[in-house]
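Remarks on the structure that follows.
Chains as they are written, first to last, in the working numbering: chain A, 1 to 500; chain R, 1001 to 1116.
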């Protein structure tokens, strides 16, 4: 697998352009290309889980000079999340996107987005990270506006402006890092910053990164674009944006930079924990009153990302015991994976409901469990998992995070976590009542079950929710452990410089 | 030092333009000014007085190259970020035109179908 590592970006990047050329001959071919490419990537990413950490020097240039690709526990975990959810979203798109024109362009943009996200996750070079971040972001701006209606265009423009500011902040931070150290190789940067220590310039760089990547992760003061952008995109794209993009571009980059490059720090830890708590509370409270299916899910994404951020912040605290830090990180990473699964499930389900009923207004829906049993059951499983009901996966990850918070002595944040758990339960019960149960409106009496290619991803994701909840110890323990230890061990990351 | 200061002034000007102007075309110009100020900053970081291109020519000593050669990294960065900026700009302008078709205005305060 080692020699094929760059293919994670090369395949989708090439396919995105080939697809546009080939679809001139036949429109049908783009479906097959997209399925084939994401299928191959998903299989490759699952195989990557069984690889020991390694580095890949692009063009055989020695690490500090050439571009470095790094594979460790964390990047393998993220690759699986990105590519598996990507495959399911592509399967869902076959039927769903038939209502839009220009399907080949959609798949090309989709693959560009996958290429960008894979690139962000596998790279070991700051500037590469910026380039891939921009590839993924530009593709996502275009995909949000894909419907080209009034709302879509406005949401896309808003997202673009805010995303542009975030990218500028990130590039500014990178310029400062370069002027301080003269290198952009991430392991090399980690070594140099160890010598420089926490000066005021490093603090400024960290502030720029928290702003830039925090905006991509939609932590609360920077969240304004998300509740508009995610509902406006086509459903499979909402699933990709909420399920994967905010994690690969926001959370992953924050984790990688703060843990492996800057190192543990009291202030950074306090800031990230505060942002996390704020996101949890504000996202949760705003979700309660929403009348739009997807908009409620979008606010809930902000709230759930708060849990992940607070766990990261706790693990970043230098004084924390290793047990607490590891527990918090495992909880955070587990919640990240879980959120990818159930939030993409819910967004895809909202797409299936919209495809059959033509509306996502919660007041016009109701009683759909009788008319769409499979979609309804999947939605119910997804909302039970996200609300944290015991046998499902969301319960365990929230439990671990809250336990870590209490054990680390953060009583207030722990209590906030529990309360937000209740708030989540409230609005997902409301969602279930409005969509699945209750009275079936007259207008929806002729609704049928969604087509097979839409139901299949829902069933797979719902099964994953259950499997990851029951088999947590067997399946997840090992993976999450290696990802968490990859983050906590800064020395190991610095050693990648000499070919560790 | 003055040049560094000027690039920061440019950044703040771009930010002001982005925040204070209501016309979306002006907002786009603000973003572009911000991008250019960062590019200028990167070029300044990589500048070396009396530097030469980092190519080992015939008859040149390695020490001379090490002493005078310029690190090519920031130039490569600036070139790439200009290209990325071009891509973003094209997308922004295309969106802006589409919005004009739908809303018949460039005024952001009149384009408010979404709640935020």
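Where is the CB? At the ideal position from N, CA and C, for every residue including glycine.
TODO: Taking residue 54(A) as part of the beta strand (DSSP E), name the residues at either end of that continuous run.
DONE: 54-57
TODO: Output yes if chain R places a C-beta closer than 8 Å to the C-beta of residue 504(A); else output no.
DONE: Because chain A in this structure spans residues 1 to 500, residue 504(A) falls outside the shown range and cannot be described.
TODO: Express the C-alpha separation of residue 380(A) and residue 432(A) in angstroms, rounding to a whole number.
DONE: 7 Å
- [ ] Let me know if residue 1061(R) comes out buried or exposed under the rule of 16 or more other beta-carbons within 10 Å of its beta-carbon.
- [x] exposed
Open item on the list: Check whether the stretch 197-204 of chain A and the stretch 1062-1081 of chain R are in contact - that is, three or more C-beta pairs closer than 8 Å.
Closed with: no
- [ ] Could you confirm whether any beta carbon from chain R is found closer than 8 Å to the beta carbon of residue 156(A)?
- [x] yes
- [ ] Mind checking the stretch 171-191 of chain A against chain R and listing, in chain order, the residues whose C-beta falls within less than 9 Å of any C-beta there?
- [x] 171, 172, 174, 175, 176, 178, 179, 182, 183 and 184
Open item on the list: Per DSSP, what are the beta-bridge partners of residue 70(A) in this structure?
Closed with: 55(A)
Open item on the list: Quick check on DSSP: helix, strand or coil for residue 500(A)?
Closed with: Reliability of the predicted coordinates at residue 500(A) is poor, the pLDDT of 48 falling under 50, and the value obtained from them is presented with this limitation in mind. Coil at residue 500(A), not helix or strand.
Open item on the list: Using a Cβ-Cβ distance cut-off of 8 Å, determine whether residue 289(A) contacts chain R.
Closed with: no
Open item on the list: Judging by CA-CA distance, which residue of 59(A), 159(A), 290(A) and 242(A) is the nearest neighbour of residue 427(A)?
Closed with: 290(A)
Task: Through-space distance from residue 44(A) to residue 128(A), alpha-carbon basis - done: 22 Å
TODO: Would you list, in chain order, the members of the stretch 1028-1052 of chain R that have their beta-carbon closer than 7 Å to a beta-carbon of chain A?
DONE: 1031, 1034, 1035, 1038, 1041, 1042 and 1045
Open item on the list: Which residues does DSSP list as the beta-bridge partners of residue 185(A)?
Closed with: 125(A)
Task: Buried or exposed (CB count within 10 angstroms, at least 16 for buried), residue 385(A) - done: buried
Open item on the list: Can you tell me whether residue 481(A) is helix, strand or coil according to DSSP?
Closed with: helix
Task: Selected residue, minimal CA-CA separation from residue 1010(R), among 1045(R), 1041(R), 1100(R) and 1025(R) - done: 1041(R)
Task: Start and end residues, alpha helix (DSSP H) containing residue 377(A) - done: 373-387
- [ ] Check whether the Cβ of residue 1102(R) lies closer than 8 Å to any Cβ atom in chain A.
- [x] yes
TODO: Rank 328(A), 246(A) and 331(A) by C-alpha distance to the C-alpha of residue 301(A) and give the top, closest one.
DONE: 246(A)
Task: the stretch 1081-1106 of chain R: positions lying closer than 8 Å to chain A by Cβ - done: 1081, 1084, 1087, 1088, 1091, 1092, 1095, 1096, 1098, 1099, 1102 and 1103
Open item on the list: I need the straight-line Cα distance from residue 4(A) to residue 1108(R), nearest angstrom please.
Closed with: 47 Å
Task: Pair within 8 Å by beta-carbon distance, residue 113(A) and residue 136(A) - done: yes
- [ ] State buried or exposed for residue 231(A), treating a residue as buried only when at least 16 other CB atoms are found within 10 Å of its CB.
- [x] buried
TODO: Select from 355(A), 186(A), 81(A) and 272(A) the residue whose C-alpha is nearest the C-alpha of residue 335(A).
DONE: 81(A)
Task: Delimiting residues of the alpha helix (DSSP H) encompassing residue 223(A) - done: Neither: residue 223(A) is in no alpha helix (DSSP H) and is coded neither H nor E.
Task: Alpha-carbon spacing of residue 351(A) relative to residue 1051(R), whole angstroms - done: 58 Å
- [ ] Could you tell me if residue 293(A) is buried or exposed, where buried requires 16 or more neighbouring beta carbons within 10 angstroms of its beta carbon?
- [x] buried
Task: Three-state secondary structure (DSSP) of residue 400(A) - done: helix
Task: Other residues of its chain near residue 357(A): CB distance less than 7 Å, five sequence neighbours each side excluded - done: 365, 444 and 447
Open item on the list: Would residue 309(A) and residue 283(A) qualify as a contact pair, given that the criterion is a beta-carbon distance under 8 Å?
Closed with: no
Task: Contact list for residue 127(A) against chain R, beta-carbon separation under 7 Å - done: 1077
Open item on the list: Going by DSSP, what residue range makes up the alpha helix (DSSP H) through residue 429(A)?
Closed with: 411-435
TODO: On a CA-only basis, which of 439(A), 52(A) and 344(A) is nearest residue 91(A)? Give me that one, please.
DONE: 344(A)
Open item on the list: Strictly under 8 Å for the Cβ-Cβ distance: is residue 1003(R) near chain A by that measure?
Closed with: no
- [ ] Let me know if residue 304(A) comes out buried or exposed under the rule of 16 or more other beta-carbons within 10 Å of its beta-carbon.
- [x] buried
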